[in-house]
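Enquirer: What follows is a structure written as structure tokens; I'll ask about it next.
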Amino acid sequence: MLFKKGVKYVVSCIEEILFPKHCFECSKVNTYLCETCEKKFLYKNNSENQEFIYLHYTPVRHLIHQAKFYGKKGIFYFFWKRMWPYFFSKPWTNFTYKNTLFIPVPLHFLKKIKRWYNQSFLLADGLSETTGIPCRTDIIYRKKYTRQQSHLWKKERQENIKNAFVINKKYTDILDKKHIILVDDVVSTGATLNEIKNIIKQQSSPLSIHFCCIASGR
Ligand SMILES: [Zn+2]
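Read in the numbering used here, the sequence shown has 83 at position 78, and its numbers run on one by one without any break.
This is the structure:
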């Protein structure tokens with residue numbers, strides 16, 4: 006654990022030297038999104054089904070893009086630090102480290118080789134480290150190499166993602182009687198998250214299934 010924290014610290018220090026932080030909206034230094042600008046992009050509807058904290062507008066969209074496609078992992082750490090207190094302050098959550106699991110949306114292994122890491126895992130791992138709730142990446146796999154969802158229309162997205170995931174039969178018991186929190190960077194039509202939710206429900210008996218994302222592109 007100490008080694009892992011040390012590596013994260015060194016990586017974030019190198020990143021800060023190479024790419025000095027500044028607010029992507031007003032250019033204020035030392036943050037990716039300052040408190041004043043952040044307020045403009047927070048999603049204000051405080052409903053039970055809300056599973057994201059920001060609206061997917063520039064600069065949130067720009068920040069996620071930078072993190073995802075230019076490997077700026079420090080931006081993901083910036084987001085998860087905001088996600089967990091937000092998500093866990095909800096009155097309807099009674100998650101404990103014993104009855105809950107984080108599961109990041111899996112990447113196909115070829116995509117993981119191409120990108121070097123899974124952005125959903127970075128988020129889920131950060132949330133897990135902060136809350137003590139376990140994060141499992143060995144239960145659900147992506148068996149189908151899918152086209153990027155953001156390039157497709159709603160109906161095409163559902164078809165593209167159909168039967169893309171598989172549950173490791175060895176671990177279906179672990180999902181029983183648990184609150185499952187599926188973690189992803191952006192939710193748009195929800196096709197990917199709903200596909201995973203459906204296979205979990207078909208093959209196990211969880212207490213509940215939630216989504217936890219940075220932003221909504223809806
Ligand atoms: Zn700002």
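Each residue gets a CB set at the ideal place from its N, CA and C atoms; glycine is no exception.
1) From this set, His61, Ile144, Leu187 and Arg152, which residue's C-alpha is nearest Thr177's C-alpha?
2) Contact defined as beta carbons within less than 8 Å: I believe Ile118 pairs with Tyr91. What is the distance between those atoms, to the nearest angstrom?
3) What do you reckon, are the CB atoms on Pro111 and Arg162 nearer than 7 Å?
4) Taking the beta carbon of Gln207 as the centre, do at least 16 other beta carbons fall within 10 Å, making it buried, or is it exposed?
5) Under 7 Å, do Leu180 and Ser213 count as touching if we go by C-beta distance?
6) Please say whether Ile186 and Cys217 have beta carbons closer to each other than 7 Å?
7) If we ignore side chains and look at the alpha-carbon of each, how far apart do Lys182 and Ser32 end up?
8) If we require 3 or more residues per run, which beta strand (DSSP E) segments fall completely within the region 133-208?
9) Could you tell me which residues DSSP pairs with Tyr59 in its beta bridges?
10) What does the alpha-carbon distance come out to for the pair Tyr37 and Gln71?
11) Would you check whether ligand 1 has a heavy atom nearer than 6 Å to the C-beta of Cys39?
12) Since Val192 and Leu132 are thought to touch, with beta carbons under 8 Å apart, how far apart are those beta carbons, to the nearest angstrom?
13) Considering only C-alpha positions, which residue in the set Phe24, Cys18 and Asp190 is nearest to Phe126?
14) Looking only at C-alpha atoms, which of Tyr150, Val65, Trp158 and His27 sits nearest to Phe114?
15) Quick check on this structure: which residue in Thr142, Lys103, Leu157 and Phe170 has the alpha carbon closest to the alpha carbon of Ile204?
16) For Cys28, I'd like the list of residues in its chain whose CB is within less than 6 Å of its CB, leaving aside the five on either flank, ordered along the chain.
17) Give me whichever residues DSSP pairs with Thr105 in a beta bridge.
18) With a 10 Å radius around its C-beta and 16 neighbouring C-beta atoms as the bar for buried, classify Gly79 as buried or exposed.
19) Looking at ligand 1, does it come within less than 6 Å of Cys28, judged from the CB to the closest heavy atom?
Expert: Quick answer:
1) The residue you call residue 177 lines up with position 172 of the sequence shown. Minimum Cα distance to Thr177 is reached at Ile144.
2) For the purposes of this step, residue 118 is taken as the residue at position 113 of the sequence shown. For the purposes of this step, residue 91 is taken as the residue at position 86 of the sequence shown. With 8 Å as the limit, Ile118 and Tyr91 do not qualify as a contact, their Cβ atoms being about 33 Å apart.
3) As a position in the sequence shown, residue 111 is number 106, starting the count at 1. As a position in the sequence shown, residue 162 is number 157, starting the count at 1. Result no, Cβ atoms of Pro111 and Arg162 do not sit closer than 7 Å.
4) Here residue 207 refers to the residue found at position 202 when the sequence shown is read from its first residue. Counting C-beta atoms within 10 angstroms of its own C-beta, Gln207 has fewer than 16 neighbours from the protein chains shown and is therefore classed as exposed.
5) Translated into positions along the sequence shown, residue 180 becomes position 175. Translated into positions along the sequence shown, residue 213 becomes position 208. No.
6) Within the sequence shown, residue 217 is the residue found at index 212, counting from 1. Within the sequence shown, residue 186 is the residue found at index 181, counting from 1. Yes, these two residues count as a Cβ contact at 7 Å.
7) For this step, residue 182 is matched to residue 177 along the sequence shown. For this step, residue 32 is matched to residue 27 along the sequence shown. When the Cα atoms are used, Lys182 and Ser32 turn out to be separated by approximately 46 Å.
8) You should have 145-147, 170-172 and 184-192.
9) For the purposes of this step, residue 59 is identified with residue 54 of the sequence shown, where counting begins at 1. DSSP output for Tyr59 lists Leu47 and Ala220 as bridge partner(s).
10) The residue given as residue 37 occupies position 32 in the sequence shown. The residue given as residue 71 occupies position 66 in the sequence shown. Taking the straight line joining both Cα atoms gives about 11 Å.
11) For the purposes of this step, residue 39 is identified with residue 34 of the sequence shown, where counting begins at 1. Yes; taking the cut-off as 6 Å, the Cβ of Cys39 has a heavy atom of ligand 1 nearer than that.
12) Within the sequence shown, the letter at position 187 stands for residue 192. Within the sequence shown, the letter at position 127 stands for residue 132. Between the beta-carbon of Val192 and that of Leu132 there is about 16 Å, and that puts the pair past the 8 Å contact cut.
13) Residue numbering aside, residue 126 sits at position 121 when the sequence shown is read from its first letter. The alpha carbon of Phe126 has as its nearest neighbour, out of Phe24, Cys18 and Asp190, the alpha carbon of Asp190.
14) The count along the sequence shown starts at 1 and reaches residue 114 at position 109. Cα-wise, what sits closest to Phe114 is Tyr150.
15) Position 199 of the sequence shown, counted from the first residue, corresponds to residue 204. Looking at the Cα atoms, Phe170 is the closest of the given residues.
16) Position 23 of the sequence shown holds residue 28. Apart from sequence neighbours up to five positions away, the residues of its chain that approach Cys28 with a beta-carbon distance below 6 Å are Thr36, Leu38, Cys39 and Cys42, ordered along the chain.
17) To locate residue 105, count along the sequence shown from 1; it is residue 100. Note: Thr105 is bridge-paired with His184 in the DSSP secondary-structure output.
18) Stepping through the sequence shown from its first residue, residue 79 is reached at position 74. Taking all protein chains shown into account, Gly79 has 16 or more neighbouring C-beta atoms within 10 Å of its C-beta and is therefore buried.
19) One-based indexing of the sequence shown puts residue 28 at position 23. Answer for Cys28: yes, Cβ within range of ligand 1.
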